[in-house]
Structures are given as structure tokens and as C-alpha cells.
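*Asks:* Sharing a structure here in C-alpha cells format.
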């Protein structure tokens, strides 16, 4: 469970001097499985039926996001959902059903670079196929962290870490 402070806060409010010197020191990519509601359970069952209940296909029912750890010990959530792109300071972090699937330490990323990426991504609407949470994490890894690889390779990497 993630607890976000002021998740509706405008990205422009982060341009203040309070955040101008903030540096991101580590980033983890986390995966959480979508909660079971009747629609999701129906989709899982349908996919399972047609794939012989091969659990690898169940990984499509997951949500990916980033937790950013700053040099002042604050944590930030960065993600894309059907409601748009979120960058919010986290009041707390209770690791319950989230699973860490990637981790980057020893970073020196300015908060302004995170804001620039977030603003750019927020200009695009959510799309189940091309602009979803997994694509958001892939774009972050490529554009912010500089890890260049094709999307298929990234998917194989991240999915191999799920429940491993």
C-alpha cells in the first residue's frame, strides 16, 4: 500500500526553491497485482482458460510504478495510471503486496529532470496498449536513467523478476 501526500498537487508547485536542490539517490521499480474484482477475475479466468492456466499470462494483470528516494530521505511515487501521471511525495510506505522488480542505487538525478520527464509524460493520455504503466517505467528507465534497450527486452527482464 502506498500512502501519498497531496497527490493532486500541481507539478508546478514542485518548482519552488524547496525542491530545487533535491537529488534522487535511488529508484526502485515495484509491481503490484491488480486487486481482485469481478471484472479482473473474469478477465483472469478467460485468459487462463485459453492459455491452459499458464501463469505467465497472468502477469498482464499487474501495475508498475517507481519509488524515488531523495537525498533528504523523502520518498516519491512516480507512475502512470488511467487517471494520469502522478508524482507525489509519500507520507509512508507499507510493503504489503508490492514486489520490487528493479533497483538503481548511487544515483545523482536532479529533481528538475524528474519533473521534466513527468510533465512530458503527463501530456499524453493513458492507452492500454501503448502508454500504460509498464511503458511509463520503460520510458523512465530509457529517458531518465539512460538504459537503452527495446521494449520487448525490458518486458522480459521485468517479468522475469516478478515472483522470482
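Numbering (the numbering used here), first residue to last: 1 to 164. Backbone N, C-alpha and C fix where the C-beta goes; we use that ideal spot for every residue, glycine too.
(1) Which of the three DSSP states, helix, strand or coil, is assigned to residue 21?
(2) Which ranges does the beta strand (DSSP E) cover as unbroken runs of at least 3 residues, wholly within the region 65-147, from first to last along the chain?
(3) Below 6 Å CB to CB, which residues in the same chain sit around residue 69 once its five sequence neighbours on both sides are set aside?
(4) Please report the distance separating the alpha-carbon of residue 116 from that of residue 65.
(5) Rounding to the nearest angstrom, what Cα-Cα distance links residue 63 and residue 18 in this structure?
(6) How many angstroms separate the CA atom of residue 124 from the CA atom of residue 156?
(7) Looking at the secondary structure, which residues open and close the alpha helix (DSSP H) in which residue 159 lies?
(8) Could you name the residues of the same chain whose beta carbon sits closer than 8 Å to that of residue 158, not counting the 5 residues immediately before and after it, in chain order?
(9) Using a Cβ-Cβ cut-off of 6 Å (strictly less than) and excluding sequence neighbours within five positions of residue 98, which residues of its own chain qualify?
(10) Given residue 112, which residues of its chain have a CB within under 6 Å of its CB, disregarding the five upstream and five downstream residues?
(11) Report the CB separation of residue 114 from residue 144 in whole angstroms; it is logged as a contact under 8 Å.
(12) Ignore the nearest five residues each way along the sequence and tell me which others in residue 71's own chain have a CB closer than 6 Å to its CB.
(13) Count the other C-beta atoms from every protein chain shown that fall within 10 angstroms of the C-beta of residue 106, then say buried if there are 16 or more, exposed otherwise.
*Replies:* With the structure as the only source:
(1) Correct three-state label for residue 21: coil.
(2) 75-81, 84-93 and 98-104
(3) 25, 26 and 75
(4) 17 Å
(5) 30 Å
(6) Taking the straight line from one Cα to the other gives about 25 Å.
(7) 151-161
(8) 29, 31, 64, 101, 102, 134 and 137
(9) 30 and 32.
(10) none
(11) 7 Å
(12) 23 and 25
(13) exposed
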